[in-house]
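This report refers to the structure that appears directly beneath it.
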Amino acid sequence: MANYFFETITAAQALAFTNADQLIFSTAGATASAVTVSITPAGAITPETVSLTFGGRTVVFGTGIYGDTDIVLPDGSKFFLGNPAVVANETIAGGSLGDVIWGGEGSDNIDGGAGNDYLQGNKGNDTIVGGAGNDTLLGGQGNDIISDTSGTNYIHGNLGDDTITGGSANDTIYGGAGDDDIDAGAGNDIVYADSGADSVIGGLGNDTIYGLAGSDTLTGNDGDDFLDGGDESDNLDGGDGNDTLNGGAGTDSILGGLGNDLLQGNTGNDTLNGNDGNDTISGGQDNDIITDTLGSNWLHGNLGDDNITAGTGNDTIYGGQGVDTIDAGDGANLVFGDLGNDDITTGAGTDTIYGGAGDDVIDAGAGNDVIDGGDGDDDIDAGSGADSVLGGAGADSIIGNDGNDTLSGGEGNDTLTGNAGNDVLGGGAGDDILDGGAGQDTLTGGVGNDTFVFGNTDSSTTAGTLDQINGWESGDKLDFTAAVTNASYTEITSTDYASAKATADALLNGSITAVSAQIGNDVVVFVSTAAGSGAEVAVALVGANLSQISEANFI
């Protein structure tokens, strides 16, 4: 290696350089400003750009590069800028091949050009452009602007509040520390926002985005994206496509967007909205708000006191543990309240509802619903339709409403009301209250001292249309509108219904208000609620005899 000392290098001397040679600009014995590097074409006076054309060799500038200087490198060059003690704002442009460029202390403008470049801004608020090729772009310590429009790139903002824009291929992007603004662009990108309150847009393609630490805003846009908010309170929007969104720790807001999405809240009081598509949503460990009004969805509150709202599709909903509020909406829904005192509402449609353990309130709405209250003291309104309801263990209140309903109280002291329709009511074990309401009803008290309630027009007196009580026991009670006392009660025996009714009508036109008639193996009770009006209500006690009834059985 030869050492040469020149003030001016001729073209012939430059061509004599080999790979082993070095070009050293020394400031020994002089100030930094005393050393100037310039290449002046014929006819030019002061060049605005210093061009180094040493055939791709490594060029090192020491203390002599400072100020606002433009530097253009040839293809395949490596460039190390400046003494760390000197702050300079440089503009550096690479060539068409793979360049390696390090910025310095100042706010540098680095353009790698074509080729697979390695560009590093270091300190200062740098602007770094990768250009064509598969580039590696590192921002450094300042608030950097980094972009790359094409190629498969690796981009790292490092420290500072960086603005990063990916290209059209599959990029890997790290925001680094600071509040970064990242647009990954087209392609299947992987983005790590890192610490700070970051904003990330996935763009086109199937992107994977990790918010990590900080309160981040993550948007998938088009494609089947994976978004993970990480720690703290994040905002996630999947956009179009079948996305997977994980809120992580913190109070997160998660929107699935278009497509069949998977949303998971995890820890924190999260708000999750599936939006369009057939979505799967899981709330997580705390008190979550889950909404999905479009499509047929699978919704799970998990732990916590959750609020779940579905729409018009055929949804499957699990409240999970906690005191949950569930509105399943219209459609043929499957609802599990699970543990806790849940409030469950469904709309029009044939629903299947399991209240689970706890004192649940269930309002089924219209449709032929199947309802199981489960353990606990449940309050159930089956709504209109031919419903089938089981109260389960506990003191339950069940209303059938319109339709031919089947109501079963199960264990406990239950209250069953059929309302309109030809209903079948079974009290089960316990001291139950059964009210069939309008229609031809069949009532079974079961084990216990049960009370059967009849209004003025609840049971017809026409043969073959009477309400029936099965399993009558001497400890059961009849509750009619009229007050029945010892003086106004009597018993008769008849061979057929017609003769029994005629005799009862005659008695009820006087001071008698209740007549029990033995007709074959059954007892029919005729009641008048107004003096002198004859029989207004008739109830058949199937398989009973007069020894099992007296004025003491009337309330």
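Here full-length UniProt numbering is used: the first residue of the sequence shown is 1, the next is one more, and so on.
Don't be surprised by glycine CBs; every beta carbon is placed ideally from N, CA and C.
Cβ separation of residue i and residue j, assumed to be a contact under 8 angstroms, to the nearest whole Å
{"i": "G121", "j": "L138", "result": "7 angstroms"}
{"i": "N278", "j": "N260", "result": "5 angstroms"}
{"i": "I155", "j": "D148", "result": "7 angstroms"}
{"i": "N401", "j": "G383", "result": "5 angstroms"}
{"i": "G409", "j": "G436", "result": "About 13 angstroms separates the two Cβ atoms, so there is no contact after all."}
{"i": "N206", "j": "G223", "result": "4 angstroms"}
{"i": "N116", "j": "N134", "result": "5 angstroms"}
{"i": "V423", "j": "G412", "result": "Checking the sequence shown, residue 423 turns out to be Asp, not Val. About 20 angstroms; that fails the 8 angstroms criterion."}
{"i": "D162", "j": "G175", "result": "6 angstroms"}
{"i": "D327", "j": "D306", "result": "D327 to D306, Cβ: 12 angstroms. No contact."}
{"i": "D338", "j": "G356", "result": "4 angstroms"}
{"i": "L303", "j": "G319", "result": "11 angstroms between Cβ atoms; not a contact."}
DSSP bridge partner residues for residue i (one or two, in chain order)
{"i": "E491", "result": "S516"}
{"i": "V335", "result": "I317, I353"}
{"i": "G426", "result": "S408, T444"}
{"i": "N109", "result": "T91, T127"}
{"i": "A540", "result": "Q468, V524"}
{"i": "T291", "result": "N273, T309"}
{"i": "T165", "result": "S147, D183"}
{"i": "S397", "result": "D379, T415"}
{"i": "N235", "result": "T217, S253"}
{"i": "D435", "result": "T417, V453"}
{"i": "L227", "result": "I209, L245"}
{"i": "D402", "result": "Partner(s): none; D402 has no beta bridge."}
{"i": "L204", "result": "Beta-bridge pairing links L204 to no other residue."}
Other residues of its chain near residue i: CB distance less than 8 angstroms, five sequence neighbours each side excluded
{"i": "residue 565", "result": "Here the chain has residues from 1 to 555 only, and residue 565 is not among them."}
{"i": "Y497", "result": "A463, I519, V524"}
Three-way DSSP call (helix, strand, coil) for residue i in this model
{"i": "A184", "result": "coil"}
{"i": "I555", "result": "coil"}
{"i": "K477", "result": "strand"}
{"i": "L508", "result": "helix"}
{"i": "N269", "result": "coil"}
{"i": "S195", "result": "coil"}
{"i": "T503", "result": "helix"}
{"i": "Q285", "result": "coil"}
{"i": "L546", "result": "helix"}
{"i": "A498", "result": "helix"}
{"i": "L486", "result": "Note on identity: in this sequence residue 486 is Asn, with Leu being the wrong assignment. In the structure shown, N486 sits in a helix (DSSP, three-state: H, G or I)."}
{"i": "I65", "result": "Caution is warranted here: a pLDDT of 41 is assigned to I65, below 50, making its placement in the model unreliable, and no coordinate value can be reported."}
{"i": "V453", "result": "strand"}
{"i": "A328", "result": "strand"}
{"i": "L212", "result": "coil"}
{"i": "T417", "result": "strand"}
{"i": "T31", "result": "Here the model assigns T31 a pLDDT of 44, short of 50, so the residue's position is not dependable and the matter cannot be decided."}
{"i": "S388", "result": "strand"}
{"i": "S77", "result": "Residue placement at S77 is flagged as unreliable, the pLDDT there being 49, under the threshold of 50; a coordinate-derived value is accordingly withheld."}
{"i": "N246", "result": "strand"}
{"i": "T152", "result": "coil"}
{"i": "V323", "result": "coil"}
{"i": "D117", "result": "coil"}
{"i": "D343", "result": "strand"}
{"i": "Q141", "result": "coil"}
{"i": "L299", "result": "strand"}
{"i": "D363", "result": "strand"}
{"i": "D279", "result": "coil"}
{"i": "T462", "result": "coil"}
{"i": "D222", "result": "coil"}
Contact set for residue i: own chain, Cβ-Cβ below 6 angstroms, skip 5 residues either direction
{"i": "I555", "result": "K477, D479"}
{"i": "T461", "result": "A535, A538"}
{"i": "T311", "result": "First, the residue type needs correcting, since residue 311 is Gly and not Thr in the sequence shown. Answer for G311: T293, L294, G329, listed in chain order."}
{"i": "F226", "result": "T208, T244"}
{"i": "V129", "result": "D111, S147"}
{"i": "V363", "result": "The residue asked about is misnamed: residue 363 is Asp in this sequence, not Val. Only T345, D381 meet the Cβ criterion."}
{"i": "L272", "result": "I254, L263, G265, I281, I290"}
{"i": "F526", "result": "A504, V515, A535, A538"}
{"i": "T316", "result": "W298, L334"}
{"i": "T172", "result": "Y154, I190"}
{"i": "T406", "result": "S388, V424"}
Close Cβ partners of residue i (< 7 angstroms) along its chain, the five nearest in sequence each way excluded
{"i": "D252", "result": "G229, S233, D234, L236, G265, G268, D270"}
{"i": "S528", "result": "A482, L508, T513, G534, A535, E536"}
{"i": "A348", "result": "D330, G365, A366, G367"}
{"i": "T46", "result": "Note that T46 scores 46 on pLDDT, short of 50, meaning its location in the model is unreliable; the coordinates nonetheless yield the value given after this. Correct list: empty, nothing qualifies."}
Contact test: residue i Cβ vs the ligand COA heavy atom, cutoff 7 angstroms
{"i": "S397", "result": "Although the ligand COA was asked about, the structure shown includes no ligands whatsoever."}
Review point. Do the region 514-522 and the region 444-454 touch if we need at least three Cβ pairs shorter than 8 angstroms?
Key: With a cut-off of 8 angstroms, the region 444-454 and the region 514-522 do not count as touching, because too few Cβ pairs lie within range.
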